[in-house]
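Working notes, beginning with the structure itself.
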Amino acid sequence: MSKATKLLTATCALLLATVGACAQSNRADTSAADGTSSSEQAPKVLWVGDSVAAQLAKPLTAAAEASELPFKSIAAAGGGNVSGREKLTQSTFQRLNKALDSYNPDVVTYQVSTYDWGTEKEQRAAYEKLLRTVADSGAKLAIVTMPPIKPDDFYKDHMDELERTTRLVEEVAAGSDDEAVVFDSAQVWGEEFQKKRDGELYRKSDGIHTCPQGAAQFTDWLLGELAEQFGGITAANPESWANAGWSGDSKFEGCQTGA
């Protein structure tokens, strides 16, 4: 067995142990809160976002398959935003409209992008456009707040813009007549960037991206949020998806050696 394989095996074992412990608690809370049963039809979920969301799509896809949850990702590296950087924004809405027509999701889950730049007016208009686009298709919108980042030179001039995105999406959702909901991912990542949480490696040293441990915890959390909000979802035990091979994807390169 190679050194890389040993490291990956150890990582997967850790994923299974720590995620499994919190999954049992999360699912117990969910079933008590919404009273859903496996007889309800699972919603079709579309996942939208940037390169961070594209990473998270790996365990989400594995967990959705294990949970018999219809799931499709159109998250894109180097894009995926709905505000700022006009060409990228246009591409996001083009892909979204195409997926709304071809996939016909019940729930569109958008993770706020680290590229969602602009004035407050521009950002609000972008989230309102996202809401209208999704609602007009007959789907519900779930907005997931972005993981906090450690800004480099590329981001440092945009932090004020990014820091107000949570407030703006909450305001847009509040005025949506129940067409939108916001899931605050700080429950997983914390309020500020932390490379490690509870002694485990959650984020990469680049200050932006995630590592398998954090991605797995996020996946378990998000499935619980979707189940509580929309019903029809019986989240599979992490034993069925934590070791499904996604943690070895190139998107998580470096995490097994400390990111």
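Residue numbering for the sequence shown is -23 to -1, 1 to 236, as defined by mature numbering (1 follows the signal peptide of the UniProt record, and there is no 0).
Just so it is clear, CB atoms sit at the ideal spot from N, CA and C, and this is done for glycine as well.
Keeping to the same chain, check which residues put their C-beta closer than 8 Å to that of residue i; ignore five residues upstream and five downstream.
i: E105; result: V149
i: R101; result: L145, E148 and V149
i: T66; result: N58, V59, S60 and A103
i: M136; result: P128
Quick one, are the C-beta atoms of residue i and residue j less than 7 Å apart?
i: A76; j: L23; result: yes
i: A52; j: G26; result: yes
i: A147; j: V159; result: In the sequence as presented, Ala is not what sits at residue 147; that position holds Glu. Contact: yes.
i: K228; j: Q32; result: yes
i: E63; j: G208; result: no
i: A221; j: A193; result: no
i: P189; j: S162; result: no
i: W94; j: E138; result: yes
i: K133; j: G184; result: no
For residue i, decide whether its Cβ has a neighbour in chain B, counting only Cβ atoms nearer than 7 Å.
i: E205; result: Looking at the structure shown, chain B is missing, and only one protein chain is on hand.
How long is the line joining the alpha carbons of residue i and residue j, rounded to whole angstroms?
i: S50; j: A34; result: 6 Å
i: C232; j: E216; result: 21 Å
i: P82; j: L73; result: 11 Å
i: D226; j: G176; result: 23 Å
i: A204; j: W198; result: 10 Å
i: residue 240; j: G57; result: Here the chain comprises residues numbered -23 to 236, so residue 240 is not present and cannot be evaluated.
i: E140; j: A112; result: 26 Å
i: D78; j: S28; result: 23 Å
i: F170; j: Q164; result: 13 Å
i: residue 260; j: E230; result: The structure shown does not extend to residue 260, since the chain spans only -23 to 236, so no value can be given for it.
i: E156; j: Q71; result: 21 Å
i: C(-2); j: Y179; result: The predicted position of C(-2) is uncertain, since its pLDDT is 47 and thus under 50; a value taken from the coordinates is nonetheless stated next. One C-alpha to the other measures close to 15 Å.
i: P125; j: W166; result: 7 Å
i: Y80; j: H186; result: 28 Å
i: A151; j: E99; result: 18 Å
i: F48; j: F131; result: 32 Å
i: T96; j: G191; result: 31 Å
Per the DSSP calculation, residue i is bridged to which residue(s)?
i: A157; result: L118
i: L178; result: K173
i: K49; result: L23
i: L187; result: Per the sequence shown, the amino acid found at residue 187 is Thr instead of Leu. In the DSSP output, where bridge partners are listed per residue, T187 has R180.
Using a Cβ-Cβ cutoff of less than 6 Å, which residues in the same chain neighbour residue i once the five nearest sequence positions on both sides are dropped?
i: T196; result: P36, L37 and A40
i: T110; result: none
i: T143; result: T122
i: E202; result: F160
Cutting at 7 Å between CB atoms, please list the residues of its own chain near residue i, excluding the five before and the five after it.
i: S44; result: L200, I210, T211, A212 and A213
i: L46; result: A19, V22 and I210
i: S153; result: L108
i: A30; result: W24, A52, G57 and Q88
Report back the beta-carbon spacing between residue i and residue j to the nearest angstrom; my notes put them in contact at under 8 Å.
i: residue 277; j: G61; result: Since the first residue of the chain shown is -23 and the last is 236, residue 277 is not available in this structure.
i: V85; j: V121; result: At roughly 11 Å, the Cβ-Cβ gap does not stay under 8 Å, so V85 and V121 are not in contact.
i: residue 273; j: L108; result: In the structure as shown, the chain starts at -23 and stops at 236, and residue 273 therefore has no counterpart that could be examined.
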